[in-house]
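Student: Line order of the protein sequences matches chains V and E. Going by my numbering, the residue at position 154 of the first sequence is 154; the numbering climbs one at a time, nothing skipped. With positions in the second sequence counted from 1, the corresponding number in my numbering is that position plus 1000. Note that beta-carbon positions come from the ideal geometry of N, C-alpha and C, so glycine has one too. Mind having a look at this structure? Questions to follow.
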Amino acid sequence: MAELDNLLASREMILVAGSGGVGKTTIAAALGVAAAQRHKGRILVITVDPARRLATALGLDEFGNTPVRIDPKAFVAAGVKVRGEVWVAMLDTKAGWDELITRHAPDDATRDAVLANPLYENITSRFVHSHEYLAMEQLHDLHATGDFDLVIVDTPPSRNALSILDAPNRMIEFFGSRLLRWLTVPYRSRLFTVASKPFYQVADRVLGSRFLQDIADFFVLFQAMEGGFVRRAKEVEALLRDPRTAFVVVTTLETAPSYEARYLARSLIERGMSLGAIVANRVLPAALATSAAAESAAALLEHADRELADSVAARLDAPRKQVSSVLEQIATRFDDVALVAARESDRRSELADLAPALLVVPWLEGDIHDLAGLGALAGHLRNGG
Amino acid sequence: MWVTGKGGVGKTTVAAAIAEVAARHGRRTLVCEMDAKGALATAFDVGELGFEPTEVAPQLFAMAMNTEDSLREYLRLFVRIPLLGRIGPLASTFDFVADAAPGVKEILGVGKLCYEVRERHYDLIVVDAEASGHIVSQIGAPKVIADLVQVGLVRDQTQWMLDILDDPMRTGVAVVTTPEEMPVTETIDLLGRLRDETGAHASAVIANRVLPAMFSRREQTVVDRLDDAMDLLVDVAGPAVATVVDAARLTETRRSTGADHLDRLRQWLESSGDVADGLPIITVPELFSRGSGPRVVSLVAQALTDELDPEPPSGAGRRG
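Printed below as a string of structure tokens:
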């Protein structure tokens, strides 16, 4: 349908968000393929943690922050017609942080001291939601190069999808926090600051002054980079609200993910960010939830051990007992699936109220792990309004 | 008992169910949600869980971890300095240090749990732990601290925690998965990382939402050819019967794809040597409920009981 094509044509950046396990990475890659099917130009998909076979299909055998183009011949071989170029990059948090430090360090000595600090790796992998922040840094970076018409980012799985939206501000707050200032005041004089005294006494007892000193040393180095970091974080924050940016929220129609998706969608709207579409992934066929199907199942159960079994057995030249058992199984087990489908259709309408477009992707056989599969998925997305 | 797994596999429900099984068998059980998302409160249908355990069923207590409360308790118990009243406004400050100093936040959570084990307040503590991406840094926090922090109380406190965490008789990790590609792959990665980066022992793999087989192999050939007799079915059950047959095929395809993933997991477990030597895969069937709440917890608890111990607990009735 036109909704997705319009979205892919009108925006320059798309952030794909949602809770873990809903197929976010695959949808992000398929959005890239969908864009290339419809439009010329250079499309980049930044993925976070693709399943190995999907990564291989995307040509991501060697992970790195440098985009790699998917070989057009591979698309031809997979029978997927694309007009544009599809590039992919895999987010490498460690390398991303190293790049940031290198960029913002005022001099080589500071850079080397930070990179060599024993706490550096530990701290960057934990604090202020560094994965989320880096995903957006990358987006900003690659967008700023002007090399791509459309950049699609598969956001990292996080406990709370909102932490993605808050990551840049957290980075800004981090540099502005009183504690950072306390920590970076020379250790001796700090002891005389009345306000910080109780805290330091406790911290001293608990953590040990040596460790505290290690942390302080690290943050003194880090503070030297404050200007650059804060400026970038502000740019990244602005990019999230930029009219050229849209969010695509991916979910399944199970309880927990769709609850999270609704929450995320509402939060995006509240924050003045642009919700482009919600993708409902792995959806059972709506026909399963109809009363006609339920009545059919009931009738089938009723006749499973009657003349129907005889006639079907004769037609298929199969033992009657097997046929009757098969018909009974099909009829009884239908209720389970129908129940799930009914609940799904409920959630589907709840989601449809929230997004300008609800793209429904049917449950597909097997996991998607090649370009042909991505092409098929892209087709579903484009037709799935 | 740490319960972890990829996001979305039903970790919280399984943790709640394990706790329920233990409590029904008369063991005083604490179940603790580590990531404070409120999923555990939903599982038991109680308003909100806090740091102070709530008795949600006889012998079954539930709490939500809060590192600040944990720090407060720790300071009260171990650091006798008369400053507690003045730490209050420094909550955000604490948050910051805990974020910045590697392992501090984690060790406060892990420390609280280990403390409960050491003090024998409960017979069993079930941890609804972080998703598999984070569990290693959580359970490995005492080791990280021991490596990084040279002196101080925290450092002194790590050894007794490691003694508890590394003892397979006292601590086990149950990894929950679903029969799908990514959860199975993540389970395999996690089992390797648990061995390499922590001293904790994996004690079970729980395959959740496993579809039972519908047809025998010979019945399957009938199903495959059923289209040839569709007109006969339509005569009796109406045209929508095609949808009913499709539903069965869809379910069967999902089942067999899932079974392939579980086979891959089983093969890996068998060939992994010391990582998962003899680790069982405990199967919980698909309940077709797709919800969360006491009913599902109860059903999963029943499934776990059936799988682990075919004899019902004496004197305990089924809840539901």
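1) Let me confirm a value: V:Asn281 is counted as buried when at least 16 other C-beta atoms fall within 10 Å, else exposed. Which label applies?
2) Sort out for me which residues DSSP pairs E:Glu1033 with in a bridge.
3) Starting from E:Ile1188, follow the beta strand (DSSP E) in both directions and report where the run begins and ends.
4) Going along chain E in order, which residues have a C-beta closer than 7 Å to the C-beta of V:Ile330?
5) Once you ignore the five residues that flank E:Leu1211 on each side, which residues in its own chain have a CB closer than 8 Å to its CB?
6) Does E:Arg1225 have its Cβ less than 7 Å from a Cβ in chain V?
7) List the residues that DSSP assigns as beta-bridge partners of V:Pro362.
8) On the DSSP bridge assignment, give the partners of V:Asp154 in chain order.
9) According to the Cβ coordinates, are V:Glu3 and V:Ala357 closer than 7 Å?
10) Should V:Gln223 be flagged as near chain E, meaning a C-beta pair shorter than 7 Å?
11) Let me know the alpha helix (DSSP H) ranges lying completely inside the segment 1226-1307 of chain E, each 4 residues or longer, listed in chain order.
12) Ends of the beta strand (DSSP E) at V:Phe247?
13) Relative to the alpha-carbon of E:Val1244, which residue among V:Met225, V:Leu221, V:His39, V:Arg333 has its alpha-carbon at the smallest distance?
14) On the three-pair Cβ rule with 8 Å, is the segment 13-25 of chain V touching the segment 256-270 of chain V?
15) Straight-line CA distance for V:Gly84 to E:Gly1005?
16) For V:Pro156 and V:Asp335, what's the separation of their Cα atoms in angstroms?
17) Name the chain E residues that come within less than 8 Å of V:His303, Cβ to Cβ?
18) Does V:Met389 come out as helix, strand or coil in the three-state DSSP assignment?
19) Based on DSSP bridge pairs, tell me the residues matched to E:Glu1055.
20) Establish whether the CB of E:Thr1004 and some CB of chain V are separated by less than 7 Å.
21) Classify V:Val128 as helix, strand or coil using the three-state DSSP reduction.
22) Between E:Ala1041 and the rest of its own chain, which residues show a CB-CB distance below 6 Å, the 5 nearest in sequence each way excluded?
23) Just verifying my parser: in three-state terms, what is the DSSP assignment at E:Asn1208?
24) When DSSP builds the beta bridges, which residues end up paired with V:Glu85?
25) Would a C-beta distance cut-off of 7 Å place E:Gly1238 and V:Ser296 closer than the cut-off?
26) Indicate, with yes or no, if the ligand FAD has a heavy atom lying under 6 Å from the CB of V:Leu351.
27) What number of angstroms, rounded off, separates the C-alpha of E:His1025 from the C-alpha of V:Val337?
28) With distances taken between CB atoms, is the gap from E:Ala1174 to E:Ile1206 smaller than 7 Å?
29) Thinking V:Ala167 and V:Glu132 are a contact (beta carbons under 8 Å), I'd like their distance in whole angstroms, please.
30) Might you give, ordered along the chain, the residues of its own chain that have their beta carbon closer than 6 Å to the beta carbon of E:Thr1158, omitting 5 neighbours on each side?
31) Give every residue of the same chain whose Cβ lies closer than 6 Å to the Cβ of V:Ala29, excluding the five residues on either side of it in the sequence, and list them in chain order.
32) Rounded to whole angstroms, what is the Cα-Cα separation between E:Asp1123 and E:Asp1166?
33) Beta-carbon of E:Gly1088 versus every beta-carbon of chain V: anything under 7 Å?
34) Restricting to Cα atoms, I'd like to know which of E:Pro1058, E:Ile1282, E:Met1182, E:Leu1262 is closest to E:Asp1306.
35) Any idea what DSSP makes of V:Leu371, helix, strand or coil?
36) In angstroms, rounded to a whole number, what distance separates the CA positions of V:Leu221 and V:Asn169?
Tutor: In short:
1) By the neighbour-count rule (16 or more Cβ atoms within 10 Å), V:Asn281 is buried.
2) Answer by DSSP bridge pairing, in chain order: E:Ala1064, E:Asp1128.
3) Counting along the chain, E:Ile1188 sits inside no beta strand (DSSP E); it lies in the alpha helix (DSSP H) bounded by residues 1181-1197.
4) Listed along chain E are Val1244, Val1245, Ala1248, each with a C-beta nearer than 7 Å to that of V:Ile330.
5) Pro1179, Thr1251, Arg1254, Arg1255, Gly1258, Pro1285, Glu1286.
6) E:Arg1225 counts as touching chain V.
7) For V:Pro362, the pairing in a beta bridge is given by DSSP as V:Val283.
8) Residue pairing of V:Asp154 in beta bridges, as defined by DSSP: V:Val16.
9) In contact: V:Glu3 and V:Ala357 (Cβ atoms closer than 7 Å).
10) Not an interface residue.
11) As for any alpha helix (DSSP H) of minimum length 4 sitting wholly inside the segment 1226-1307 of chain E, the runs are 1230-1237, 1241-1271, ordered along the chain.
12) Here the beta strand (DSSP E) through V:Phe247 covers 245-252.
13) Nearest option by C-alpha distance: V:Arg333.
14) At 8 Å Cβ cutoff, the stretches touch.
15) Each residue's Cα considered, the two are about 38 Å apart.
16) Near 36 Å, if we compare the C-alpha coordinates of V:Asp335 and V:Pro156.
17) What V:His303 touches in chain E: Val1236, Ala1237.
18) Outside the shown range of chain V (1 to 385) lies residue 389 of chain V, about which nothing can therefore be said.
19) Bridge partners of E:Glu1055: E:Phe1061.
20) Between E:Thr1004 and chain V, the shortest Cβ-Cβ separation is not below 7 Å.
21) A caution first: V:Val128 carries a pLDDT of 42, below 50, which makes its placement in the model unreliable, though a value can still be read off. DSSP places V:Val128 in helix when its eight states are reduced to three.
22) Within the same chain, Cβ atoms closer than 6 Å to the Cβ of E:Ala1041 are found at Glu1048, Leu1049, the five residues on either side in sequence being excluded.
23) Strand.
24) DSSP lists V:Arg42 as partners of V:Glu85.
25) Closer than 7 Å, so yes.
26) Only the bare structure without any ligand can be found here, which leaves the ligand FAD out of the picture.
27) Taking the CA atoms as reference points, E:His1025 sits about 33 Å from V:Val337.
28) Yes, these two residues count as a Cβ contact at 7 Å.
29) Contact annotation, V:Ala167 with V:Glu132: C-beta distance approximately 4 Å; criterion of less than 8 Å satisfied.
30) Cβ neighbours of E:Thr1158 beyond the five flanking positions: Pro1142, Ile1145, Ala1146.
31) Within the same chain, Val45, Leu374 come within 6 Å of V:Ala29 by CB-CB distance, once the 5 residues on both sides are set aside.
32) When only Cα atoms are considered, E:Asp1123 and E:Asp1166 end up about 18 Å apart.
33) In this prediction, E:Gly1088 has a pLDDT of 49, which is less than 50 and means its spatial position is unreliable; what the coordinates show is noted afterwards. No, its Cβ sits nowhere closer than 7 Å to a Cβ of chain V.
34) Of E:Pro1058, E:Ile1282, E:Met1182, E:Leu1262, the residue nearest in Cα terms is E:Ile1282.
35) Helix.
36) About 21 Å.
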